[in-house]
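K.L.:
If you read the protein sequences in the order shown, they are chains E and L. Under my numbering, the first residue of the first sequence is numbered -9, with each subsequent residue one higher. Under my numbering, the first residue of the second sequence is numbered 908, with each subsequent residue one higher. We put the CB at the ideal spot given by N, CA and C, even for glycine. Can you read through this structure? Questions will come right after.
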Amino acid sequence: MTSTLKGITLKGSAELVAEFFSFGINSILYQRGIYPPETFTRVTHYDLSLLLTTDPKLKSYLTNVVSQLKEWLFECTVQKLVLVITCLETNEVLERWQFDIECDKSAKESSAPREKSIKTIQHEIRSVIRQITATVTFLPLLETPCAFDLLVYTDKDLVVPDKWEESGPQTIDQPEEVRLHSFTTSIHKVNSMVAYKKTESA
Amino acid sequence: MDLEDDTTILTTLKSFNSFISRPEHPQRLSEHSAGSGILQSQYKRSMELLEAAERVHSKNRYLQLDQEKKQMELSHKRARFELERAASDSARDLEHEVDRNQELLGQIKKLEERAEEVNKKLTEQKEANDALQKNLEGLNKTLEERDDKLGTANQTISSLKDEIRELRQKIQNQDSKMSAQTLENQELQEKLDLQQRKYQEVSQLCQSLQAAQSSCSDHIIKIKELERRLVFQEQDFAIVKTVKSEVARVPDLEKELKRLRDDNAYLRESRENCSLLKEEVEGLRKKLERMEKTKEELINMELEKERLTEKLHAWENLGQSTGLNIRKPEDLSREVIQIQQREIALKEQNYTLNSRVRSVERSQSELRAELTQQHSKTLEEQKKREAQDALVRRLQKRVLLLTKERDGMRAILESYDSELAPTEYSPQLSKRLREAEDILQKTQSHNAEMEAQLTKAQEETGTLKLQLQTAELELESLKKQQASATDSNSLLTKEEVTILRQKIEDLERERQRLEEQNNILEMRLERHNLQGDYDPVKTRVLHLKMNPTAIAKQERQQEVEALRQEVTRLRDLVRSLQSGGAVGHSQDDTHNPSFSLSLAPSKEVLDLRKQMESSELRNQRLKEVFQRKIQEFRTVCYVLTGYQIDITTENQYRLTSVYAEHMDDSLLFKKGSNGSMQLMETEFSKTLGEMVALHLHHQKSIPAFLSAVTLDLFSRQTTV
Chain E
-9 MTSTLKGITL KGSAELVAEF FSFGINSILY QRGIYPPETF TRVTHYDLSL LLTTDPKLKS
51 YLTNVVSQLK EWLFECTVQK LVLVITCLET NEVLERWQFD IECDKSAKES SAPREKSIKT
111 IQHEIRSVIR QITATVTFLP LLETPCAFDL LVYTDKDLVV PDKWEESGPQ TIDQPEEVRL
171 HSFTTSIHKV NSMVAYKKTE SA
Chain L
908 MDLEDDTTIL TTLKSFNSFI SRPEHPQRLS EHSAGSGILQ SQYKRSMELL EAAERVHSKN
968 RYLQLDQEKK QMELSHKRAR FELERAASDS ARDLEHEVDR NQELLGQIKK LEERAEEVNK
1028 KLTEQKEAND ALQKNLEGLN KTLEERDDKL GTANQTISSL KDEIRELRQK IQNQDSKMSA
1088 QTLENQELQE KLDLQQRKYQ EVSQLCQSLQ AAQSSCSDHI IKIKELERRL VFQEQDFAIV
1148 KTVKSEVARV PDLEKELKRL RDDNAYLRES RENCSLLKEE VEGLRKKLER MEKTKEELIN
1208 MELEKERLTE KLHAWENLGQ STGLNIRKPE DLSREVIQIQ QREIALKEQN YTLNSRVRSV
1268 ERSQSELRAE LTQQHSKTLE EQKKREAQDA LVRRLQKRVL LLTKERDGMR AILESYDSEL
1328 APTEYSPQLS KRLREAEDIL QKTQSHNAEM EAQLTKAQEE TGTLKLQLQT AELELESLKK
1388 QQASATDSNS LLTKEEVTIL RQKIEDLERE RQRLEEQNNI LEMRLERHNL QGDYDPVKTR
1448 VLHLKMNPTA IAKQERQQEV EALRQEVTRL RDLVRSLQSG GAVGHSQDDT HNPSFSLSLA
1508 PSKEVLDLRK QMESSELRNQ RLKEVFQRKI QEFRTVCYVL TGYQIDITTE NQYRLTSVYA
1568 EHMDDSLLFK KGSNGSMQLM ETEFSKTLGE MVALHLHHQK SIPAFLSAVT LDLFSRQTTV
């Protein structure tokens, strides 16, 4: 939709970022094997072959979160999105994918679209998603059954919507951190990083 | 023949004894009836007769026996001949038999070999047979399979045929249905035509109805309009009423109006007066304010006046206080001028003194410099002197060493000289001496070098010390200069400068420290930010209540609980099986009616149990049958033979006769190791001693003995 327009509006930027999160979360779930690979189907986006889940419960959960996230991105009240992977047996956090969001609040007041081509944004997003796929090489194997959770860091004065509740930050004890590429739509800037628990052999 | 002889002898003896006993019997009788004397003579006679008869008899007998003996010997010899012949014949026969035996053995062996071969062939044939049978079985199985397949195919064919039939029937049914439906269709069409005609009529009626309705609605509209008009009229009526009531109030209102106008005029007048009065009030207020201001000014002025008068007094008293002749300000100015002049003079003096002081200081510093130079020179001289003293000492030491060496060498030389005369090692000694001298020279040169180095080092240290002392002196002089120069006001500024410099250094150090801390804290903050920490004042962490982790945890808990329940249930089942398995099948069911599901897999157990029960039943039945048969057989034996045979202990058999007089009259037989039966002593058997002797010892026949005992007992039973 925004590709037909000339510039990036706040709404368009929010949609782009939310779309990136939806594809990114699906890629992470597929790469880390949280859900079985046969439940994923291939689609083409950002000139890449990406995987989306077909599990209906998971799909509905993700659409809920991403739609709420889109609203918050439009209001510029969200600071971070975190995907936490916990081991079901020991209840400890094994991996933490953190996306820091910096919003240019001046774009709210002025409604003039900003000049940034969609191609460059897509190119940047592509590099981030390629990096996520490449992290498989150094991330430790998840041998036990795991489950994931999505946490959103928002401003304190925000009204908590129905069905959402407060939770802890769910940090890892003595993690190894790796920073990935970032991308910006000239209104929102997203920094990506992954933190994982060091394995005992290391 | 002997036995026969024995039996004949026995029979003759028995007959003779019986003969003897018979006459005794009547003799015993005659004794009892007749008198004793007659009897005795008769008896003697008879006895003599008897004896003679006996002798004759015995002689006869003896002759007969002799004859018989001879006959017997003859016959014996004949018999021996015959026996020998027979023996030889039998030996020949034996040889023949042996040969035949061997031939037969050979034949037997051959036959055995053939039999073995035949057996082998038989086994081979059997194996071939088995193989063929297996093939046959295989073929049979394939045949059966094919038959089964054929059967299934046939079944499918038949089923398909049935299906075809059914489908045909369905088609027929559907055709019939179709025809019925076409008929229905036609009927419906006719109905439809009817309906259409009705519809047209109805539509006409409808139209008429509509026309009526429209007229109706027009009427209704008219009615509504009239009703509205009525309502308006009612409203107008009400309005008219109110207007009337209001009109009634008009004269009162007019009166009030007049009154109000009068009040109004009066109030206007009063307002004008009011404004005039307000103006006056304002004017008076302003005046009051001015008056107050003037009062304040007055007060201030009075205060100032007092102050000024005081000052004046002070100024007037100055003269008295200072002790000068002052009455007027001119005197004061004069005094001031005088003081100023004095001051100027003093300042001039001060300047001159300062210049003198400076010159004196300069000379002092010069003198000091000279003094330091002199000090340094003295130090140098001292150093030189010390060096010289050290040299002198060293030289003295050297001299001492040399003298010692010389003495030592002299002693050595004397010793060598003393030794040289008796011995003749002079060349070697001289060589050694030269070598020693060389070594000594070398050491001396070395020593000299070392001493030279030492002197150099000492000189250098001396010079350094000199430099240090000169530097110290210079520093002291500078300090003194500084101390002298800081008598003026520049002292403070220099102190301030040093203080400020120190402060600057401290601040610089703190700044660096704070910069480092800042860097560290920024790094830590960055790290925490990376790890996901947040400032709880500004941010909040949210997540959906129904998130996959929570759902997964719930499912896991449910799984765990379900598994626990299953585990408890299986434990109970295992316990019940362990306890109920020993008892039996039916009791399991009564104990655990809900575990019928778990017993299903143990079909094998049920089958085995059934087999076991059936085999036990069979065993029981067989036992009963055997018991019955044994019982029958024993009774039959008892009845037919007349003896009840019981086994008391191992190999011991007790026989009780049918016709036994007492219950415990029994015979005991024991089976020996070689298989022969032996009679054991019992009370009953003691009474049968004759029969034992006759049948067992003589005839060696147990059945005869037993039958004799039976006959004896039977005879006793029937006679007695």
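Please classify L:Asn924: does DSSP put it in a helix, a strand, or coil?
P.N.:
DSSP places L:Asn924 in helix when its eight states are reduced to three.
K.L.:
Looking at E:Leu132 and L:His1450, is the spacing between their C-beta atoms short of 8 Å?
P.N.:
Their beta carbons are not under 8 Å apart, which means L:His1450 does not touch E:Leu132 by this criterion.
K.L.:
Between which two residues does the beta strand (DSSP E) containing L:Thr1563 stretch?
P.N.:
Segment Gln1559 to Ser1564, the beta strand (DSSP E) holding L:Thr1563.
K.L.:
Who does E:His178 pair with in a DSSP beta bridge?
P.N.:
In DSSP, E:His178 forms a bridge with E:Cys93.
K.L.:
For L:Ile1552, list the residues DSSP reports as bridge partners.
P.N.:
DSSP lists L:Leu1562 as partners of L:Ile1552.
K.L.:
Would L:Arg1447 count as contacting chain E if we go by Cβ distances under 8 Å?
P.N.:
So yes, L:Arg1447 belongs to the interface.
K.L.:
Using alpha carbons as the reference points, say which of L:Tyr969, L:Ile927, L:Gln1079 and L:Ser1580 lies closest to L:Ser953.
P.N.:
It is L:Ile927 whose Cα lies nearest to the Cα of L:Ser953.
K.L.:
At which residue ranges does the segment 1075 to 1110 of chain L contain complete beta strand (DSSP E) runs of 3 or more residues, listed in the order of the chain?
P.N.:
You should have found no qualifying run.
K.L.:
Throw me the rounded Cβ distance for the E:Val68 and E:Arg86 pair, which I believe falls under 8 Å.
P.N.:
Not quite, the Cβ-Cβ distance comes to about 17 Å (not below 8 Å), so this is no contact.
K.L.:
Hey, is E:Val184's beta-carbon within less than 8 Å of any beta-carbon in chain L?
P.N.:
Answer no: the Cβ-Cβ gap between E:Val184 and chain L never drops below 8 Å.
K.L.:
Within the same chain, show all residues whose beta-carbon is closer than 6 Å to that of L:Gln934, passing over the 5 residues directly before and after it, in chain order.
P.N.:
Low confidence applies to L:Gln934: its pLDDT is 49, below 50, so where it sits in the model is not reliable enough to give any reading.
K.L.:
Pairs of beta-carbons, one from the segment 179 to 189 of chain E and one from the segment 154 to 171 of chain E, closer than 8 Å: are there three or more?
P.N.:
Yes, the segment 179 to 189 of chain E is in contact with the segment 154 to 171 of chain E.
K.L.:
Tell me which residue opens and which closes the alpha helix (DSSP H) that E:Thr123 is part of.
P.N.:
Element bounds for E:Thr123: Ile108 to Ala124.
K.L.:
Within a Cβ cutoff of 6 Å, which residues of the same chain sit near L:Asn924, ignoring the five residues on either side of it in sequence?
P.N.:
Excluding positions up to five away in sequence, the list is empty.
K.L.:
Can you find a CB in chain L that lies within less than 8 Å of the CB of E:Phe30?
P.N.:
False, the Cβ-Cβ gap to chain L never drops below 8 Å.
K.L.:
For a test of your reading of the model: does the CB of E:Glu156 fall under 7 Å from any non-hydrogen atom of the ligand GTP? Yes or no.
P.N.:
Among the ligands in the structure shown, none appear at all, so the ligand GTP cannot be discussed.
K.L.:
For E:Trp154 and chain L, any beta-carbon pair shorter than 8 Å?
P.N.:
Yes, contact with chain L.
K.L.:
Using a C-beta to C-beta distance shorter than 8 Å, which residues of chain L count as neighbours of E:Tyr51?
P.N.:
The answer, in chain order, is Leu1451, Met1453, Asn1454 and Pro1455.
K.L.:
Do you know offhand how far L:Lys1200's Cα is from L:Leu1191's?
P.N.:
Looking at the two C-alpha atoms, the distance is approximately 14 Å.
K.L.:
For the alpha helix (DSSP H) holding L:Ser1614, just list the boundary residues, first then last.
P.N.:
From DSSP, the alpha helix (DSSP H) with L:Ser1614 extends over Ile1609 to Thr1626.
K.L.:
Per DSSP, what kind of secondary structure is L:Ile1319 in: helix, strand or coil?
P.N.:
Note: L:Ile1319 maps to helix in three-state DSSP.
K.L.:
Between L:Thr1589 and L:Leu1574, how many whole angstroms is the CB-CB distance? I'm expecting something under 8 Å.
P.N.:
So it is a contact: roughly 6 Å between Cβ atoms.
K.L.:
Within a Cβ cutoff of 8 Å, which residues of the same chain sit near L:Ala1276, ignoring the five residues on either side of it in sequence?
P.N.:
Excluding sequence neighbours, L:Ala1276 sits near Ser1384.
K.L.:
How about E:Thr31 and E:Leu41: are their beta carbons less than 8 Å apart?
P.N.:
Cβ distance < 8 Å, so E:Thr31 and E:Leu41 count as in contact.
K.L.:
If I follow the unbroken alpha helix (DSSP H) through L:Asp1479, where does it start and stop?
P.N.:
Run containing L:Asp1479: Pro1455 to Gly1487, per the alpha helix (DSSP H) assignment.
K.L.:
With 16 other CB atoms within 10 Å as the buried threshold, where does L:Leu956 fall?
P.N.:
By the neighbour-count rule (16 or more Cβ atoms within 10 Å), L:Leu956 is not buried but exposed.
K.L.:
Just how far apart, CA to CA, sit L:Arg1135 and L:Ala1145?
P.N.:
Going by the C-alpha atoms only, they are around 15 Å apart.
K.L.:
Need the endpoints of the beta strand (DSSP E) that E:Phe128 sits in, please.
P.N.:
Where E:Phe128 is concerned, there is no enclosing beta strand (DSSP E), given that its DSSP letter is neither H nor E.
K.L.:
Tell me whether L:Ser1573 sits in a helix, a strand or coil according to DSSP, three-state version.
P.N.:
Reduced to three states, the DSSP call for L:Ser1573 is strand.
K.L.:
In whole angstroms, what separates the C-alpha of L:Gln1093 from that of L:Leu1099?
P.N.:
Distance between the alpha carbons of L:Gln1093 and L:Leu1099 is about 10 Å.
K.L.:
Tell me where the beta strand (DSSP E) around E:Thr193 begins and ends.
P.N.:
Given that chain E is displayed from residue -9 to residue 192, the structure contains no residue 193 of chain E and the question cannot be resolved.
K.L.:
Kindly say whether E:Asp139, judged by its beta-carbon, lies nearer than 8 Å to any beta-carbon of chain L.
P.N.:
Chain L contact via Cβ: present.
K.L.:
For chain L, find out if any of its Cβ atoms is closer than 8 Å to the Cβ of E:Asn16; answer yes or no.
P.N.:
Not closer than 8 Å to any Cβ of chain L, the Cβ of E:Asn16 fails to qualify, so no.
K.L.:
Pop quiz: E:Cys136 and E:Thr76 are said to be a contact at Cβ under 8 Å. What is the actual Cβ separation, rounded to whole angstroms?
P.N.:
The pair is a contact, with the Cβ atoms about 6 Å apart (cut-off 8 Å).
K.L.:
Would you mind telling me which residues of chain L sit closer than 8 Å to E:Glu92, beta carbon to beta carbon, in chain order?
P.N.:
Neighbours of E:Glu92 on chain L: none; closest Cβ ~12 Å, over 8 Å.
K.L.:
Just the C-alpha distance for L:Asp1238 and L:Glu1204, rounded to the nearest angstrom, thanks.
P.N.:
Near 35 Å, if we compare the C-alpha coordinates of L:Glu1204 and L:Asp1238.
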